[in-house]
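In terms of my numbering, the sequence shown opens at residue 16 and continues consecutively. In this text, a Cβ means the ideal position worked out from N, Cα and C, and glycines have one as well.
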Amino acid sequence: MSFIKKYSVLLLPAGIALAACVVIVLTILTSRSLAREIAANSIQQDGQITSLLRNPISERQPDVEKMRQDRRANDAKGVLNLAMQCTMRELISYRIFPMPTDSSQQVFDEYGQNYRVAVESLVGSMKALDAPGDMEIREALNESAQTASGGMGAGYGGYFARPGTPGATRGNDSARKAMLDAICGKRAEEICVYANPNLFKWYAYWGDFQYAGADPAVQDCWYSQLAYWIYEDVVATINKLNAASQNVYSSPVKRLLGVSFREAVDYPPKTMGRGMYGGIGAASRRYVRGDYYDDDDTSSSRGDAPEYIRYAAGGVLGVETWTGRVCNDDIDVVHFSVGVITSSSAVMSFMEELCSAKEHLCRKGNKEDAEPMTFQHNQIGILKSEVIAVERDAPENAGYRYGDEAVVRLDLVCEYIFNRVGYDKIKPDSIKVQLGQAEPAAGAPGAPSIGRGEIRSDVRSAPSPTGTGARRKGRDLPGLDI
């Protein structure tokens with residue numbers, strides 16, 4: 016205790032000295048950290064400021080930035096304009112869509128006549144005719160119907176029958192065979208591709224049109240108009256590939272087998288006579304009211320109507336939409352089948368050209384008297400392709416001459432995209448109802464109702480297990496307000 020008492024006076028100075036040491040150490044450490052921070056931030060920023068002072072921003076910089084932002088806005092508008100322009104197309108008639116100015120039968124009869132003329136023009140643009148038929152060969156050989164072998168019977172008999180089959184007796188004669196070859200060869204030298212208007216099924220349909228009221232007639236006009244736009248693209252593809260051709264022998268595309276929306280294209284029966292523009296009678300029409308449409312809520316048309324694809328399972332052509340494109344708020348999608356016979360070296364060229372951009376005309380405001388405008392569209396994608404070797408001696412190729420090079424049959428199933436912003440203004444209300452863009456009026460055909468007087472918009476049929484045209488459950492697809 017005496018020791019503590021002796022040195023107690025030193026405790027306070029020792030504590031103060033210790034505290035001073037701690038403060039000095041902390042000050043040194045803090046100053047070093049602060050120095051590093053100043054070097055990292057303040058000095059660096061000072062350098063940037065000095066650099067900016069040496070290189071001041073132009074007083075026009077805000078204007079330049081505004082121009083840049085305006086360009087981006089214009090790019091967005093340009094995309095929207097392109098979407099509109101690619102689906103704004105010329106119409107067969109400007110008196111029908113979205114609703115006819117006159118609902119009399121004459122309006123639709125005139126539409127049908129104009130439609131057939133337009134299809135004939137497409138065929139003419141290809142420099143196309145079909146292979147010679149029995150009647151044409153009979154006339155060329157100066158033979159009467161009574162002496163002709165095999166006549167105009169069904170199928171591919173008559174003058175083109177093979178040895179050992181009915182109708183082949185005269186065909187075996189070498190002189191007659193040489194004459195037949197000369198007739199068929201002459202046809203191949205006169206044209207660039209084998210085709211006829213009846214390959215486009217709406218051509219025959221309008222040739223035997225039966226008026227059943229304004230509403231179904233408007234739908235027939237609408238679906239046939241969609242089909243015609245697709246016909247145009249197929250023909251444009253053929254014309255582009257055959258542009259330098261003088262005849263079938265030199266053409267990459269030898270024969271058009273058809274374009275179809277409700278079934279896969281197959282070899283069509285050969286038409287008779289040089290014109291090949293005769294309509295197909297009602298007895299031979301494949302499409303009548305009820306066929307394919309009993310369970311299909313996308314159409315009540317009686318023709319080869321394009322089906323709007325609303326579900327990824329696809330439509331009546333049985334091809335799944337692997338691209339994911341279905342009808343939605345922005346686009347409508349249809350599928351179609353096309354078949355051609357081409358040289359084996361032209362398969363890829365045909366597919367590439369089919370999917371390439373093409374020019375078209377339209378009239379501002381869809382007014383017939385407006386000045387035509389030229390735009391571009393690129394709306395086709397290939398979903399399925401199949402290449403099959405062609406048997407030249409097969410009955411379906413009788414009378415056709417393709418030349419010496421190898422030829423194949425190319426079958427395609429494609430999707431076609433319509434931008435709603437480009438054509439919803441002319442889309443009939445009945446079509447919008449089918450697509451869920453509008454609700455049917457109470458009491459109108461197709462209006463969903465439960466009980467007496469109760470209208471419910473949320474009623475949908477159960478999904479189809481097959482996915483081939485039956486009604487399916489799906490959400491409404493509201494349209495654009497344009």
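Just measuring C-alpha positions, the residue of V79, I111, L271 sitting nearest P443 is I111. Counting along the chain, I253 sits inside the alpha helix (DSSP H) bounded by residues 229-256. Setting aside the 5 residues that flank it on each side, I432 is surrounded in the same chain by R340, I346, V348, Q394, each with a C-beta closer than 7 Å to its C-beta; the list follows chain order. Per DSSP, Y431 is one residue of the beta strand (DSSP E) stretching across 422-434. Going by C-alpha positions, Y264 is about 23 Å away from L427. In the three-state reduction of the DSSP assignment, I111 falls in the coil class, being assigned neither a helical nor a strand state. Cβ-Cβ separation between S352 and S400: approximately 11 Å, too far for a contact (criterion under 8 Å).
The continuous stretches of alpha helix (DSSP H) do not include K399, which lies in the beta strand (DSSP E) extending over residues 395-404.
With a contact defined as Cβ atoms closer than 8 Å, T357 and L425 qualify at about 6 Å. No Cβ-Cβ contact shorter than 9 Å links Y243 with I446. In this model, K92 and D85 are separated by some 10 Å (Cα to Cα).
Rounded to the nearest whole angstrom, the C-alpha separation of G139 and E374 is 19 Å. In the assembly as shown, I253 is a buried residue. Its beta-carbon has 16 or more other beta-carbons within 10 Å.
By the neighbour-count criterion, in which a residue is buried when 16 or more other Cβ atoms sit within 10 angstroms of its Cβ, T65 is exposed. Non-local beta-carbon contacts of S364 in its own chain, meaning distances under 7 Å to residues more than five positions away in sequence, involve L256, P267 in chain order. Around the C-beta of R104, 16 or more other C-beta atoms lie within 10 Å, and the residue is accordingly described as buried. Burial check for Q452: the Cβ neighbour count within 10 Å reaches 16 or more, so the residue is buried. With a cutoff of 9 Å on beta-carbon distance, L144 and I206 are scored as near each other.
In this structure, V122 places its C-beta atom within 9 Å of the C-beta atom of P115. Listed in chain order, the non-local C-beta contacts of E204 below 6 Å within the same chain comprise N262, local neighbours out to five positions each way being set aside. Secondary structure at S46: helix, using DSSP grouped into helix, strand and coil. Distance between A193 and R416, taken at the CA atoms: about 14 Å.
The beta carbon of Y126 sits closer than 7 Å to the beta carbons of I107, S108, I111, C236 from its chain, once the five residues preceding and following it are set aside; these are given in chain order.
In the same chain as L95, and ignoring 5 residues on each side of it, the C-beta atoms closer than 8 Å to its own belong to V436, in chain order. For the 9 Å CB-CB criterion, L450 and C342 form a contact. If the five residues before and after M388 are omitted, its C-beta is found closer than 6 Å to the C-beta atoms of C377, all from its own chain and listed in chain order.
Shown here, Q391 sits in a strand according to DSSP, grouped into three states. The beta-carbon separation of V134 and P231, rounded to 21 Å, does not stay under the 8 Å limit for a contact. Only exposed fits G62, as fewer than 16 other CB atoms lie within 10 angstroms of its CB.
Spanning the alpha carbons of R202 and D117 requires a straight line of approximately 45 Å. CA-to-CA, the gap between V37 and L25 works out to about 19 Å.
Under the three-state reduction of DSSP output, E367 falls in the helix class. Judged by beta-carbon spacing, V362 lies within the 9 Å limit of V402, meaning their Cβ atoms are closer than that value.
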